[in-house]
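The sequence shown maps to residues 223 to 519 in the working numbering.
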Amino acid sequence: MANLRDIRRRIKSVKNTRQITRAMQLVSSSKMKRAQDAAVAGRPYALLLADLLDTVGEKLDLSGATISHPFFEKREIKTRGILILSTDKGLCGALNTNLFRKITEEVKGAAKFITVGRKATQFVSRSGRGLVADFNISDKAAFSELRPMLKLLIDAYKNGEVDTIEIAYPSFVNVLVQEPVIQSLLPIIDLREVLEQLKKRVSDLPSLEARSDSREMVFEPSAEAVLDALPELYVKVIIHQLLLESRAAEYCARMVAMKAATDNASTLIDDLTLDYNKARQAAITQEILEIAASAAA
Numbered sequence: 223m224a225n226l227r228d229i230r231r232r233i234k235s236v237k238n239t240r241q242i243t244r245a246m247q248l249v250s251s252s253k254m255k256r257a258q259d260a261a262v263a264g265r266p267y268a269l270l271l272a273d274l275l276d277t278v279g280e281k282l283d284l285s286g287a288t289i290s291h292p293f294f295e296k297r298e299i300k301t302r303g304i305l306i307l308s309t310d311k312g313l314c315g316a317l318n319t320n321l322f323r324k325i326t327e328e329v330k331g332a333a334k335f336i337t338v339g340r341k342a343t344q345f346v347s348r349s350g351r352g353l354v355a356d357f358n359i360s361d362k363a364a365f366s367e368l369r370p371m372l373k374l375l376i377d378a379y380k381n382g383e384v385d386t387i388e389i390a391y392p393s394f395v396n397v398l399v400q401e402p403v404i405q406s407l408l409p410i411i412d413l414r415e416v417l418e419q420l421k422k423r424v425s426d427l428p429s430l431e432a433r434s435d436s437r438e439m440v441f442e443p444s445a446e447a448v449l450d451a452l453p454e455l456y457v458k459v460i461i462h463q464l465l466l467e468s469r470a471a472e473y474c475a476r477m478v479a480m481k482a483a484t485d486n487a488s489t490l491i492d493d494l495t496l497d498y499n500k501a502r503q504a505a506i507t508q509e510i511l512e513i514a515a516s517a518a519a
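Shown next, in the form of structure tokens:
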């Protein structure tokens, strides 16, 4: 009977665990919907801002003006600046593991790191890399929360402390797929490629060609003045958008992981219940045989 007690105890333990994973699945599902909506809602704005920056550059090219801005100047890469967007908590499958593996494989040589999320901070510290600062951003990821981090990043680039700004984050593709990505932001080398990547994610907007054929923009006080201010805003908006994407990826991964854990717990409970019934039946059969043997004696 001790075996039966052990099985009952384990069934109870697994049921308690299943309650926890199911609750976490429901919470993650709720947060996932809000994070998805925020990420999807920000994509058109990021696309239009990038398109506007491209339009200003085009206008200056056609007018014969020289585009001079530190964000467009390609430098010799001595030190890379990497912003890592990760999670504060685990229980989200291989989301962080895949991201950190990609960073380990692709980031060689001198680099300075700024992290968002406790997991990224732990990864950088344990790997002995140069951690400049770490930031905690709430689930809402309001733009105002990012200002200190954005200032630190942009100042480091302007002052020549780093020669690139790159973002390592889990990209939200869909509920089941989150891909680790290292995206280069500065210097801005190929804006058209960035536009095409953003355009693929915004299916409800007209094509860039269709818009460019029908619009006529007037820049005040001048295209040069707009170009002077626009790149920094573009970088800030893109970083905010990527943070929203990473949050959506986090909650999708956690919901899927908790659903898998809940399903596995249910399967384990079924198996343990079957083992319990078999053991109980064997114990009853053994008792009957013992009684029958005693009666025959």
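Glycine residues also receive a C-beta, built at the ideal position from the N, C-alpha and C atoms.
For residue i and residue j, which I take to be in contact (beta-carbon distance under 8 angstroms), what is that distance rounded to the nearest angstrom?
i      : j      : result
Leu271 : Tyr391 : Wrong, their Cβ atoms sit about 19 angstroms apart, outside the cutoff.
Leu449 : His291 : 6 angstroms
Gly303 : Tyr379 : 6 angstroms
Pro409 : Arg297 : 7 angstroms
Ile229 : Leu398 : Not confirmed; about 35 angstroms, so no contact.
Could you pull out every residue in the same chain whose Cβ sits closer than 6 angstroms to the Cβ of residue i, ignoring the five residues on either side in sequence?
i      : result
Asp310 : Gly339, Arg340
Does DSSP put residue i in a helix, in a strand, or in coil?
i      : result
Ser406 : strand
Thr239 : helix
Arg302 : strand
Lys296 : coil
Ile359 : coil
Thr319 : helix
Thr386 : strand
Leu494 : helix
Gly264 : helix
Pro392 : strand
Leu427 : Residue placement at Leu427 is poorly supported in this model, since its pLDDT is 41, which falls under 50; the coordinates are not used for a value here.
Ile411 : coil
Thr337 : strand
Leu353 : strand
Leu307 : strand
How many Å lie between residue i and residue j at the Cα?
i      : j      : result
Glu367 : Ile359 : 7 angstroms
Leu465 : Lys362 : 10 angstroms
Phe394 : Tyr267 : 17 angstroms
Thr319 : Val278 : 40 angstroms
Gln508 : Ser488 : 30 angstroms
Thr301 : Ala333 : 5 angstroms
Counting only the same chain and skipping the five closest in sequence on each side, list residues whose C-beta sits under 8 angstroms from that of residue i.
i      : result
Ile491 : Ile233, Val236, Lys237, Arg240
Can you find the residues in the same chain that come closer than 7 angstroms, C-beta to C-beta, to residue i, ignoring five residues on each side of it along the sequence?
i      : result
Gln258 : Ala470
Ile460 : Ala268, Leu407
### Task
Count the C-beta pairs between the region 465-485 and the region 246-253 that are closer than 8 angstroms, then say yes if the count reaches three, no if not.
yes
### Query
So, do the region 235-246 and the region 480-498 have three or more beta carbon pairs nearer to each other than 8 angstroms?
yes
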